[in-house]
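Oh and the sequence shown: position 53 is 52 in numbering that gives the first Met the number 0, straight run, nothing missing. First comes the structure, then the notes that go with it.
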Amino acid sequence: MVEQDLLVAGSNRYVDPDRWDPLIMKFLEFYGGGRNLHPSRLAQGWGVPRRAPVAES
Numbered sequence: 000m001v002e003q004d005l006l007v008a009g010s011n012r013y014v015d016p017d018r019w020d021p022l023i024m025k026f027l028e029f030y031g032g033g034r035n036l037h038p039s040r041l042a043q044g045w046g047v048p049r050r051a052p053v054a055e056s
């Protein structure tokens, strides 16, 4: 079941990608909205090297 406010207007089965912005963990970091949202202690524990931040345009 999907929250109604995430659906395309007038639809009961299609998610509107502009309304849905999940928090996703990829490569041991937390991402949402196309950017890194929060540092990960898990990445630190694995000894993953940090990369330089990317400037926002």
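For glycine and all other residues, C-beta sits at the position ideal for the given N, C-alpha and C.
Am I right that residue i and residue j are in contact with their C-beta atoms under 8 Å? What's the rounded C-beta distance?
i	j	result
Gly31	Pro16	Not confirmed; about 13 Å, so no contact.
Cβ atoms of residue j and residue i: under 8 Å apart, would you say?
i	j	result
Leu36	Phe26	no
Let me know the secondary structure DSSP gives residue i once reduced to three states.
i	result
Gly44	helix
Leu22	coil
Leu27	coil
Who are the Cβ neighbours of residue i in its own chain at under 8 Å, not counting the five residues just before and after it?
i	result
Trp19	Leu5
Ser39	Met24, Leu27, Glu28 and Phe29
Which residues bound the beta strand (DSSP E) around residue i?
i	result
Leu36	Arg34 to His37
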